[in-house]
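One structure is given here, and the rest of the page talks about it.
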Amino acid sequence: MEAPPQIRQTLSEISSRTPAALRIAVGIRLGSLPPSAAAGREDVASYAASLARQLQPRARRSNPPTGAALRMSAASCYLPEHDEDAHFFHAVAGVIGVADGVGGCRLEGLDAAAFSRGLMASALSEVVASSSAAPPPGGICPYALLEKAYQQTTASGTPAASTAVIVSLAGRTLRWAYVGDSGFAVFRDGRILHRSQPQQCYFNCPFQLSSDSDDSNKVSDAAVGEIAVEEGDVVVVASDGLFDNVFDAMLEKIVQSGQALSFTPKNMADIIASQAYAAARRTQDTPFSVAAREHGRNKTGGKKDDTTVVVAFIESRDMA
Numbered sequence: 003m004e005a006p007p008q009i010r011q012t013l014s015e016i017s018s019r020t021p022a023a024l025r026i027a028v029g030i031r032l033g034s035l036p037p038s039a040a041a042g043r044e045d046v047a048s049y050a051a052s053l054a055r056q057l058q059p060r061a062r063r064s065n066p067p068t069g070a071a072l073r074m075s076a077a078s079c080y081l082p083e084h085d086e087d088a089h090f091f092h093a094v095a096g097v098i099g100v101a102d103g104v105g106g107c108r109l110e111g112l113d114a115a116a117f118s119r120g121l122m123a124s125a126l127s128e129v130v131a132s133s134s135a136a137p138p139p140g141g142i143c144p145y146a147l148l149e150k151a152y153q154q155t156t157a158s159g160t161p162a163a164s165t166a167v168i169v170s171l172a173g174r175t176l177r178w179a180y181v182g183d184s185g186f187a188v189f190r191d192g193r194i195l196h197r198s199q200p201q202q203c204y205f206n207c208p209f210q211l212s213s214d215s216d217d218s219n220k221v222s223d224a225a226v227g228e229i230a231v232e233e234g235d236v237v238v239v240a241s242d243g244l245f246d247n248v249f250d251a252m253l254e255k256i257v258q259s260g261q262a263l264s265f266t267p268k269n270m271a272d273i274i275a276s277q278a279y280a281a282a283r284r285t286q287d288t289p290f291s292v293a294a295r296e297h298g299r300n301k302t303g304g305k306k307d308d309t310t311v312v313v314a315f316i317e318s319r320d321m322a
């Protein structure tokens, strides 16, 4: 099936931002193009040579500056299928949020995007208000922010339901709170250091926040935690359109390739989202199809869905 016009435009913009030689080299690295695609292309060979070198672990300081604050430099890519995802990034506060409207609400005649957009709009409004005043000690608390956003969204009578994930950076600590299968991964030296685990009531039915108090998980069900991060780490926050369609090993390859080629956060978000979009339309196995068969379903290939990807580079504030 042909991609909708909005997605065709986005994919075209991604192509225009990425040099052809770079796209070919990365495609060969990820296995989506054969090695013969580089034949006669010295520019591709140059990129390929950079990718062939293993990403070397960063030199560690024997006494790292534990008090030195870090910041997130982030960008996003959104490829809509039903246009029910929502997200935000606030650079000053160092907060990222992603929400995914539950598609089952659409089947009930509800606007499945309403709750996800309400959650993220309320969360961003709270972050803006907090950032304009004295910053809270320890930075923005993702759990408290998600709770406040949920209260405001339900109080407004917004229908439907949504999963949600919020991550925040304060000092050198990344904190998170999430409900459902929108999630995140933290990479160090191109390898996954920590990855969220989806919360599900049963297969393909994630925990979700809803305006219907009798048929909703609570913010108190959220998975919360924190991890120390370092300059050079990469954080990927996304809806399940990514994690259902791209294996962790492939994500690591993309992050490794992006760091080796000095991608910007936008370059990396574009490549990751494009990979998820393509995988959702192929017949090869994906995390979703593997999980489906484990639950007795006869499934191959990917799962077409909205795909939101936010990529954040952890940087020294001195780079600001």
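Each residue of the sequence shown is one higher than the one before, counting from 3 in the numbering used here.
Don't be surprised by glycine CBs; every beta carbon is placed ideally from N, CA and C.
Quick one: measure Cβ to Cβ for residue i and residue j, integer angstroms, because I've assumed they're closer than 8 Å.
i: A163; j: C207; result: Not a contact, Cβ separation roughly 11 Å.
i: H196; j: I168; result: Actually they do not touch by this definition, with Cβ atoms about 16 Å apart.
i: H92; j: S133; result: 7 Å
i: L53; j: A262; result: 6 Å
i: I316; j: V231; result: 5 Å
i: P161; j: S213; result: 6 Å
i: I142; j: V129; result: 6 Å
i: E254; j: S318; result: With 8 Å as the limit, E254 and S318 do not qualify as a contact, their Cβ atoms being about 24 Å apart.
i: D250; j: I194; result: 6 Å
Are the beta-carbon atoms belonging to residue i and residue j less than 9 Å from one another?
i: K305; j: A275; result: no
i: G182; j: T155; result: no
i: A23; j: R43; result: yes
i: H84; j: V100; result: no
i: A240; j: S184; result: yes
i: T310; j: A77; result: no
i: V221; j: Y145; result: yes
i: N300; j: A278; result: no
i: L32; j: M270; result: no
i: G298; j: T285; result: no
i: S118; j: L147; result: no
i: W178; j: V226; result: yes
i: N219; j: Q199; result: no
i: L72; j: G173; result: yes
i: S34; j: A314; result: no
i: E86; j: A115; result: yes
i: D102; j: D308; result: yes
i: I273; j: S264; result: no
i: A294; j: F205; result: yes
i: R25; j: S17; result: yes
i: Y152; j: L211; result: yes
i: A224; j: Y180; result: yes
i: I98; j: V292; result: no
i: P21; j: I30; result: no
i: G120; j: S75; result: no
For the beta strand (DSSP E) that residue i lies in, which residues bound it at each end?
i: A240; result: V236 to A240
i: V181; result: T175 to V181
i: E228; result: A225 to A230
For residue i, which beta-bridge partners are listed by DSSP?
i: R190; result: R193
i: P1; result: A question about residue 1 goes unanswered here, because the residues of the chain that appear run from 3 up to 322.
i: D87; result: D102
i: M74; result: I316
i: I168; result: G99 and A179
i: C79; result: V311
i: G185; result: A240
i: A163; result: S212
Return the first residue and the last residue of the alpha helix (DSSP H) that residue i is part of.
i: G29; result: A22 to L32
i: A278; result: P267 to A281
i: S291; result: P289 to E296
i: G260; result: D250 to A262
_Any alpha helix (DSSP H) of 4 or more consecutive residues that is wholly inside the stretch 125–149_ = none
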